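To start, the structure under review is shown below, and the notes come after it.
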Amino acid sequence: MAIEIKENGLNSLEMKFIKNIRDPIHGTISLNELELEILDTAYMQRLRHIKQNGLCYLIYPAMNSTRFEHSLGVMHLAGLMADHLGLDEDDRKKLRVAALLHDIGHCAFSHTSDDILSKRGYSHEENSSRIILETEISGILNKYDLNPEEISDLIKGKGNLSKILSSEIDIDKMDYLVRDSYYAGVAYGMIDLERIIYGIKLMNSDLVVKKGSLEAVESLLIGRNLMYQTVYRHHTKRIVEAMFRNAMDSIIEKKLKYEKFIEMDDIDLVHRLRNSEGYPREIMKRIDERRLFKTFFQERLILIEENFRRDILENRKEIEEDICEDFGIKKGFLLIDIPETKMSEFKILVEDNGELKRIDEVSSLAKALEKSEREKLMFCIYTAPEFLDKLKDFNAEKYIEFSQTRLG
Numbered sequence: 249m250a251i252e253i254k255e256n257g258l259n260s261l262e263m264k265f266i267k268n269i270r271d272p273i274h275g276t277i278s279l280n281e282l283e284l285e286i287l288d289t290a291y292m293q294r295l296r297h298i299k300q301n302g303l304c305y306l307i308y309p310a311m312n313s314t315r316f317e318h319s320l321g322v323m324h325l326a327g328l329m330a331d332h333l334g335l336d337e338d339d340r341k342k343l344r345v346a347a348l349l350h351d352i353g354h355c356a357f358s359h360t361s362d363d364i365l366s367k368r369g370y371s372h373e374e375n376s377s378r379i380i381l382e383t384e385i386s387g388i389l390n391k392y393d394l395n396p397e398e399i400s401d402l403i404k405g406k407g408n409l410s411k412i413l414s415s416e417i418d419i420d421k422m423d424y425l426v427r428d429s430y431y432a433g434v435a436y437g438m439i440d441l442e443r444i445i446y447g448i449k450l451m452n453s454d455l456v457v458k459k460g461s462l463e464a465v466e467s468l469l470i471g472r473n474l475m476y477q478t479v480y481r482h483h484t485k486r487i488v489e490a491m492f493r494n495a496m497d498s499i500i501e502k503k504l505k506y507e508k509f510i511e512m513d514d515i516d517l518v519h520r521l522r523n524s525e526g527y528p529r530e531i532m533k534r535i536d537e538r539r540l541f542k543t544f545f546q547e548r549l550i551l552i553e554e555n556f557r558r559d560i561l562e563n564r565k566e567i568e569e570d571i572c573e574d575f576g577i578k579k580g581f582l583l584i585d586i587p588e589t590k591m592s593e594f595k596i597l598v599e600d601n602g603e604l605k606r607i608d609e610v611s612s613l614a615k616a617l618e619k620s621e622r623e624k625l626m627f628c629i630y631t632a633p634e635f636l637d638k639l640k641d642f643n644a645e646k647y648i649e650f651s652q653t654r655l656g
């Protein structure tokens, strides 16, 4: 699974590697003086205490990997990609550093807390940018003749090299799919990263896959599809994350300042929830004792009217409270969960006889995977077990707008 890093010519002379770290995914990951200095900052070390996959470890016990080792893995792949694309030393240095720093702004429990950020008009990329520009990391970058603004822009998706970090087929996805599969103990991460990387070219700032590497990319899409079905969207994971998110939201609204929240790691947040009062503490106690909510309603997302899907992202709380009031359920003990529908991987560009086409136009497998994934997305409503009897006569059509396909 590991890919050998190639030190050659100018790259090894300009900035020598001074430390090696063993990684179960990539083997040896080498760091130069600049990267090591960044790695030793408190902001990077904090990522040791932020789980890569939030609460997945409650379902897959070995999924305790963190944003720290993922960041190292993405940096390693950035070096390989830079060598393959023939980037000059300056761009190579920028890309590896941006890869190392790309997740530095993640809040506790990673994507589980993303909703908390977005509701307040922020993203973890913007938080990463703030840390890069306003902390000691800015000074370290300047010391090594790197512009902090350029590194920040790369992470935010600006600049010619940004697609390598974040796009339809990027080094971030390559690392987390293989890494997460390994720690989940499932065999979906057998992806030929070397063939994918060496089959990519940069055209007008876009990453394009050569036709000869199509099969390797298809294997990545298969692995991704299976990981989403069995790990990332596992029904128990979705329930526990909905509970945890609501507890987080509640404590921030009442007692915890947002500025303090974004500095917390997983340990800080769990401690705060366990030692809080009222609803957040009760939910955390239920999670600790595995007294989880149950699914009492679910429907395929494609059968729910599209405008309603968009509206519910803003009106979720109001709908939850309406149902609670109608059926005599305690506030906060009924939760609506609508899955994310982004599937950017199916927009990967493939060079086919001199033309650029989307992968689902040249690969029947990719097209079938996209269709399969859309059909399996589930809209769910959860409640505490003690309230299930009260919801026996629940009429979904009173609260949810369904498509004509379902109604017909």
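FYI, the numbering for the sequence shown is 249 to 656, going by my numbering. Just so it is clear, CB atoms sit at the ideal spot from N, CA and C, and this is done for glycine as well. Just so it is clear, the structure is predicted and the values come from calculations on it, not from any experiment.
For residue i, three-class secondary structure by DSSP
i    : result
K646 : helix
C355 : coil
V598 : strand
L258 : In this prediction, L258 has a pLDDT of 35, which is less than 50 and means its spatial position is unreliable; what the coordinates show is noted afterwards. If DSSP states are grouped into helix, strand and coil, L258 belongs with the helices.
L639 : helix
K299 : strand
E603 : strand
R270 : strand
K406 : coil
R548 : strand
T289 : coil
L328 : helix
H350 : coil
E511 : coil
R378 : helix
L394 : coil
R427 : helix
D339 : helix
L504 : coil
T360 : helix
S651 : coil
K421 : helix
E609 : helix
H372 : helix
I307 : coil
Bridge partners - residue i, DSSP secondary structure assignment
i    : result
E265 : A small correction: the amino acid at residue 265 is Phe; Glu does not occupy that position in the sequence shown. N280, per the DSSP bridge assignment.
Y630 : T543, L583
G275 : D271
V457 : I448, V598
R486 : DSSP, once it has assigned bridges, lists no residue as partnering R486.
T314 : K299
Cβ neighbour criterion (16 or more within 10 Å) applied to residue i
i    : result
I417 : buried
Q300 : buried
N555 : exposed
N408 : exposed
T589 : exposed
N256 : Here N256 scores only 41 on pLDDT, less than 50, and its place in the model should not be relied on; the value that follows carries that caveat. By the neighbour-count rule (16 or more Cβ atoms within 10 Å), N256 is not buried but exposed.
M512 : buried
N280 : buried
L561 : exposed
S400 : buried
R387 : One detail in the question is off: residue 387 reads as Gly in this sequence, not Arg. It counts as exposed.
E621 : buried
K254 : In this prediction, K254 has a pLDDT of 44, which is less than 50 and means its spatial position is unreliable; what the coordinates show is noted afterwards. K254 is exposed by the Cβ-count criterion.
R427 : buried
G302 : buried
H193 : Nothing about residue 193 can be reported from this structure: the residues present for the chain run from 249 to 656 only.
G369 : exposed
A310 : exposed
Limits of the unbroken alpha helix (DSSP H) element including residue i
i    : result
D516 : 514-522
G387 : 384-391
E618 : 612-624
C572 : 554-575
M438 : Looking at the DSSP string, M438 is not in any alpha helix (DSSP H), and its letter there is neither H nor E.
L474 : 462-475
R529 : 527-536
Delimiting residues of the beta strand (DSSP E) encompassing residue i
i    : result
I448 : 448-451
V479 : No beta strand (DSSP E) contains V479, which DSSP labels as neither H nor E.
- prompt: Is the segment 343-363 close to the segment 464-474, with three or more CB pairs under 8 Å?
  reply: no
message: Quick check: the segment 533-552 against the segment 626-638, are at least 3 beta-carbon pairs closer than 8 Å?
response: yes
message: For the structure I just gave you, are there three or more beta carbon pairs, one from the segment 431-447 and one from the segment 375-383, closer than 8 Å?
response: no
query: Are the segment 635-645 and the segment 589-609 touching, with three or more C-beta to C-beta distances below 8 Å?
result: no
query: So, do the segment 329-346 and the segment 393-401 have three or more beta carbon pairs nearer to each other than 8 Å?
result: yes
query: Are the segment 285-300 and the segment 510-528 in contact at 8 Å, needing three or more beta carbon pairs?
result: yes
message: Quick check: the segment 320-335 against the segment 440-459, are at least 3 beta-carbon pairs closer than 8 Å?
response: yes
message: I want to know whether the segment 452-459 touches the segment 494-505 - three or more CB-CB distances under 8 Å.
response: no
message: Taking 8 Å as the cut-off, does the segment 308-325 touch the segment 362-377 (at least 3 CB pairs, one atom from each stretch)?
response: no
task: Take every Cβ of the segment 530-539, pair it with every Cβ of the segment 480-498, and state whether three or more of those distances are shorter than 8 Å.
output: yes
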